[in-house]
Amino acid sequence: MSNRTFVIGVGMTKFDKPGTKEGDYPDWVGDAVGNALDDAGVPYEDVEQAFAGYCYGDSTYGQRAIYQFGLTGIPVVNVNNNCSTGSSALYLARQSVRGGLADLALAFGFEKMEKGSLGMKYTDRTPAMDHHLQKLMETHELTPAPMAPQMFGDAGVDHMKKYGSTPEHFAWIGWKNHKHSTNNPYAQFQDEYSLEDILNAPMISPPLTKLQCSPTSDGAGAALVASERYVDEHDLWDRAIEIAGQSMVTDTPATFAEGASAIEVVGYDMSKQARIRAMEEAQVAPSDVDVCELHDCFSANELITYEALGFAEEGEGHLLVDRKATTYGGDGPVVNPSGGLISKGHPLGATGLAQCSELVWQLRGSANARQVEGATTALQHNIGLGGAAVVTVYRPVTA
2 MSNRTFVIGV GMTKFDKPGT KEGDYPDWVG DAVGNALDDA GVPYEDVEQA
52 FAGYCYGDST YGQRAIYQFG LTGIPVVNVN NNCSTGSSAL YLARQSVRGG
102 LADLALAFGF EKMEKGSLGM KYTDRTPAMD HHLQKLMETH ELTPAPMAPQ
152 MFGDAGVDHM KKYGSTPEHF AWIGWKNHKH STNNPYAQFQ DEYSLEDILN
202 APMISPPLTK LQCSPTSDGA GAALVASERY VDEHDLWDRA IEIAGQSMVT
252 DTPATFAEGA SAIEVVGYDM SKQARIRAME EAQVAPSDVD VCELHDCFSA
302 NELITYEALG FAEEGEGHLL VDRKATTYGG DGPVVNPSGG LISKGHPLGA
352 TGLAQCSELV WQLRGSANAR QVEGATTALQ HNIGLGGAAV VTVYRPVTA
């Protein structure tokens with residue numbers, strides 16, 4: 002029996018500033034999942050397993066959100082893996098199909114967030130990232146800045162010290178992603194800025210200004226993962242996009258090794274190992290990638306992840322910026338045509354499914370003004386500190 006897996010339907014809502022989106026999380030899931038079912042042209046009754054991703058909320062929100070489509074009795078598993086939650090749900094859906102446990106699985110993710118920077122909800126127990134913070138404090142002094150931009154800002158500082166990148170390199174990434182989002186009706190922000198605007202925005206944690214940081218967001222996304230048998234029996238080849246390779250990696254010894262920089266602490270090695278394994282499964286090389294949705298929670302993470310994903314040699318990510326390689330007309334993959342987390346928004350549980358949606362549209366040639374012409378290989382990168390990195394390789398197929 003073939004263990005090939007395919008995304009046959011995707012859907013998402015527009016991402017919005019917390020407190021401004023009409024409705025509540027069941028409404029948003031209803032829209033995203035409904036759109037995915039319509040996109041695939043299949044009934045909810047065919048779904049055999051569902052995986053619900055969210056970070057903020059009580060238990061069994063996934064069931065509450067999905068029961069509106071029918072009380073079919075299928076297993077619904079709630080997933081929380083920090084910022085990689087959406088891709089973790091997708092990973093589990095693919096595993097269920099690839100392992101022969103289901104012919105059609107649903108991954109969906111959503112978030113109803115609070116305004117402002119993320120913080121710990123539970124202060125009466127061991128923090129999930131105490132080891133990461135301890136390692137960070139060996140080389141950096143903690144400041145009053147919010148912890149997430151501080152950690153990734155420190156990674157940017159370390160890259161500048163070790164390899165010669167500059168604040169302008171990171172600012173260009175913010176400029177690029179905001180510019181890309183002007184063509185994305187799903188994006189939280191659709192404003193174009195000058196490079197000077199990016200550089201002169203309020204400083205959050207050097208070298209990161211506000212316009213280089215992803216916002217908190219509300220929204221939902223969904224993807225349907227099917228077996229080759231299901232695709233064939235229902236003649237869905239015209240919309241099927243193959244998940245050619247996928248890997249999830251959690252923290253490795255490199256994260257906490259003696260002398261580890263902030264670059265390692267924020268997950269560089271996780272991303273690198275996940276990329277190697279996913280590309281080996283898909284039998285592709287970094288040079289084959291045409292379009293990439295990369296986890297740019299902060300511009301510094303996009304730059305260092307250019308290197309982790311093999312788009313540049315270690316220490317040379319800023320050289321891609323110098324030659325404007327990662328935007329339309331460049332000589333590298335177009336990175337974050339959606340606007341990325343920085344401008345599209347970052348509702349944690351939905352982010353990975355929004356990335357999946359964008360890349361499916363790109364490979365179908367239906368991304369409208371964002372279309373990367375001739376795209377045949379797509380890469381998705383989603384990371385959560387604490388930690389988990391998920392890298393997925395997609396390609397279009399024919400019957």
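Sequential numbering from 2 applies to the sequence shown in my numbering.
By construction, the Cβ of each residue, glycine as well, lies at the ideal position given by its N, Cα and C atoms.
Predicted, not measured: the structure shown is a model, and the values here were computed from it.
Following the continuous beta strand (DSSP E) through Ala108, name the residue where it begins and the one where it ends.
Numbered from 1 along the sequence shown, position 107 holds the residue referred to as residue 108. From DSSP, the beta strand (DSSP E) with Ala108 extends over Leu105 to Glu112.
Can you tell me which residues form a DSSP beta bridge with Ile9?
The residue labelled residue 9 in the question sits at position 8 within the sequence shown. DSSP, once it has assigned bridges, lists no residue as partnering Ile9.
Could you tell me which whole beta strand (DSSP E) segments of length 3 or greater appear in the stretch 213-300?
Restricted to the stretch 213-300, the beta strand (DSSP E) segments that are unbroken, complete and at least 3 residues in length are 220-228, 242-250 and 292-294, listed in chain order.
Out of Phe109, Gly74, Gly353 and Asp323, which one is the CA nearest neighbour of Ala37?
For the purposes of this step, residue 37 is taken as the residue at position 36 of the sequence shown. Of all alpha-carbon atoms in Phe109, Gly74, Gly353 and Asp323, the one lying nearest the alpha-carbon of Ala37 is that of Phe109.
Ala41 versus Ser60 - alpha carbon distance:
Looking up residue 41 in the sequence shown gives position 40. Looking up residue 60 in the sequence shown gives position 59. Distance between the alpha carbons of Ala41 and Ser60 is about 29 Å.
Using 8 Å for Cβ pairs, my map puts Gly387 next to Asn83. What's the rounded Cβ distance?
Here residue 387 refers to the residue found at position 386 of the sequence shown. Here residue 83 refers to the residue found at position 82 of the sequence shown. Their Cβ separation, rounded to whole angstroms, is 5 Å, which keeps Gly387 and Asn83 in contact under 8 Å.
Inter-residue CB distance, Tyr207 and Val266 (contact presumed, cutoff 8 Å)
Sequence index remark: in the sequence shown, residue 207 carries index 206 (1-based). Sequence index remark: in the sequence shown, residue 266 carries index 265 (1-based). Here residue 207 is Pro; the residue named in the question, Tyr, does not match the sequence. Wrong, their Cβ atoms sit about 17 Å apart, outside the cutoff.
Hey, Gln363 and Ala379 are a contact pair by Cβ (cut 8 Å); roughly how many whole angstroms apart?
What you label residue 363 is simply residue 362 of the sequence shown in a count that begins at 1. What you label residue 379 is simply residue 378 of the sequence shown in a count that begins at 1. Indeed, because the Cβ distance is near 6 Å, the residues count as touching under 8 Å.
Excluding the five sequence neighbours on either side, which residues of its own chain have a C-beta within less than 6 Å of the C-beta of Gly331, listed in chain order?
Position 330 of the sequence shown, counted from the start, is the residue given in the question as residue 331. Only Lys325 meet the Cβ criterion.
Tell me the DSSP secondary structure of Thr1 in three-state form.
Since the first residue of the chain shown is 2 and the last is 400, residue 1 is not available in this structure.
7 Å CB neighbourhood of Ser85 in its chain, flanking five on each side removed:
Here residue 85 refers to the residue found at position 84 of the sequence shown. These residues qualify, in order along the chain: Gly353, Asn383, Ile384, Gly385, Ala389, Ala390 and Val391.
Closest residue to Pro76 among Gly58, Arg99 and Leu105 (Cα-Cα distance):
Start at 1 with the first residue of the sequence shown, and residue 76 comes out as number 75. The option with the nearest alpha carbon to Pro76 is Leu105.
My assumption, with CB atoms under 8 Å, is that Leu93 sits in contact with Leu225. Please give the rounded CB distance.
On the sequence shown, residue 93 is found 92 positions in, with the first residue counted as 1. On the sequence shown, residue 225 is found 224 positions in, with the first residue counted as 1. Actually they are not in contact, since the Cβ atoms of Leu93 and Leu225 sit about 14 Å apart, beyond 8 Å.
Since Leu91 and Cys357 are thought to touch, with beta carbons under 8 Å apart, how far apart are those beta carbons, to the nearest angstrom?
As a first step, residue 91 must be located in the sequence shown, where it is residue number 90. As a first step, residue 357 must be located in the sequence shown, where it is residue number 356. Yes, they are in contact, since the Cβ atoms of Leu91 and Cys357 sit about 6 Å apart, within 8 Å.
Val48 versus Ala261: straight-line alpha-carbon distance, rounded:
If you number the sequence shown from 1, residue 48 lands on position 47. If you number the sequence shown from 1, residue 261 lands on position 260. Whole-angstrom Cα-Cα distance: 44 Å.
Taking the DSSP output, what are the residues bridged to Asn79?
The residue you call residue 79 lines up with position 78 of the sequence shown. For Asn79, which the question treats as bridged, DSSP gives the partners Ala53.
Through-space distance from Tyr164 to His170, alpha-carbon basis:
Walking along the sequence shown from the start, residue 170 turns up at place 169. Walking along the sequence shown from the start, residue 164 turns up at place 163. Rounded to whole angstroms, His170 to Tyr164 spans 12 Å at the Cα level.
On the three-state DSSP scale, how would you describe Gly385?
Here residue 385 refers to the residue found at position 384 of the sequence shown. Three-state DSSP puts Gly385 in a strand.
Within the same chain, show all residues whose beta-carbon is closer than 8 Å to that of Gly222, passing over the 5 residues directly before and after it, in chain order.
Taking the first residue of the sequence shown as position 1, residue 222 is located at position 221. Here Gly222 has Val11, Gly12, Met13, Thr14, Ala33, Gly87, Phe109, Gly110, Phe111, Ala351, Thr352, Gly353, Leu354, Ala355, Cys357 and Ser358 as same chain residues with Cβ atoms under 8 Å from its own Cβ, once five neighbours each way along the sequence are excluded.
Of the residues Thr327, Pro44, Ala51 and Met152, which one's Cα is nearest the Cα of Ala263?
Along the sequence shown, one-based indexing puts residue 263 at 262. Checked all of Thr327, Pro44, Ala51 and Met152; the closest Cα to Ala263 is Met152.
So, at 7 Å on beta carbons, what are the nonlocal neighbours of Arg65 in its own chain, with the 5 sequence-adjacent residues on each side left out?
Counting from 1 along the sequence shown, the entry for residue 65 is found at position 64. Around Arg65: Pro27.
I want to know whether the stretch 117-134 touches the stretch 277-288 - three or more CB-CB distances under 8 Å.
Using a Cβ-Cβ distance cut-off of 8 Å, the stretch 117-134 and the stretch 277-288 are not in contact, since fewer than three pairs of beta carbons, one from each stretch, lie closer than that value.
Met204 by DSSP, collapsed to three states: which one?
Along the sequence shown, read from residue 1 onward, the residue named residue 204 stands at position 203. Per DSSP, reduced to three states, the secondary structure at Met204 is strand.
Shortest alpha-carbon distance to Gly117 belongs to which of Cys214, Gly316, Thr253 and Asp239?
Looking up residue 117 in the sequence shown gives position 116. Closest by C-alpha distance to Gly117, out of Cys214, Gly316, Thr253 and Asp239, is Cys214.
Alpha carbon to alpha carbon, how far is Tyr329 from Tyr187? Give it in angstroms, no decimals.
Within the sequence shown, residue 187 is the residue found at index 186, counting from 1. Within the sequence shown, residue 329 is the residue found at index 328, counting from 1. Tyr187 and Tyr329: Cα-Cα distance of roughly 20 Å.
Pull the bridge partners of Thr393 from the DSSP assignment, please.
As a working mapping, residue 393 is identified with position 392 in the sequence shown. According to DSSP, which records beta bridges pairwise, Thr393 is partnered with Gln247 and Gln381.
Please confirm whether Pro338 and Val292 have their CB atoms less than 8 Å apart.
Against the sequence shown, residue 338 aligns to sequence position 337. Against the sequence shown, residue 292 aligns to sequence position 291. Cβ distance < 8 Å, so Pro338 and Val292 count as in contact.
Chain-order list of residues whose beta-carbon lies under 7 Å from that of Ala376 (same chain, five-residue window excluded)
Mapped onto the sequence shown, residue 376 falls at position 375. Only Asp291, Val292, Gln363 and Leu364 meet the Cβ criterion.
Simplified DSSP assignment, three categories, for Val408
Lying outside 2 to 400, the shown extent of the chain, residue 408 is not represented and no answer is given.
Please name the residue, chosen from Ala370, Val80, Gln50 and Tyr57, that lies closest to Tyr68 on a Cα-to-Cα basis.
Stepping through the sequence shown from its first residue, residue 68 is reached at position 67. For the residues Ala370, Val80, Gln50 and Tyr57, the minimum Cα distance to Tyr68 belongs to Gln50.
Can you have a look at Asn178 and say buried or exposed, based on whether 16 or more other CB atoms are within 10 angstroms of its CB?
The residue you call residue 178 lines up with position 177 of the sequence shown. Buried, because 16 or more other Cβ atoms sit within 10 Å of the Cβ of Asn178.
Could you give the DSSP three-state label for Asp332: helix, strand or coil?
Working through the sequence shown from its first residue, we reach residue 332 at position 331. Looking at Asp332 - three-state DSSP - the assignment turns out to be coil, as it is neither helix nor strand.
Helix, strand or coil at Asp17 [DSSP, three-state]:
The count along the sequence shown starts at 1 and reaches residue 17 at position 16. Asp17 falls in the strand class under three-state DSSP.
Applying the criterion that 16 or more other CB atoms from any shown protein chain within 10 Å of the CB defines a buried residue, is Lys211 buried or exposed?
Along the sequence shown, read from residue 1 onward, the residue named residue 211 stands at position 210. So Lys211 counts as exposed.
Within the continuous alpha helix (DSSP H) that includes Phe190, where are the two ends?
Taking the first residue of the sequence shown as 1, we reach residue 190 at position 189. For Phe190, no alpha helix (DSSP H) run applies, since DSSP gives it neither H nor E.
Buried or exposed: Gln247, going by 16 or more other Cβ atoms within 10 Å of its Cβ?
Position 246 of the sequence shown, counted from the start, is the residue given in the question as residue 247. Under the 10 Å beta carbon count, Gln247 is surrounded by 16 or more other beta carbons and is classified as buried.
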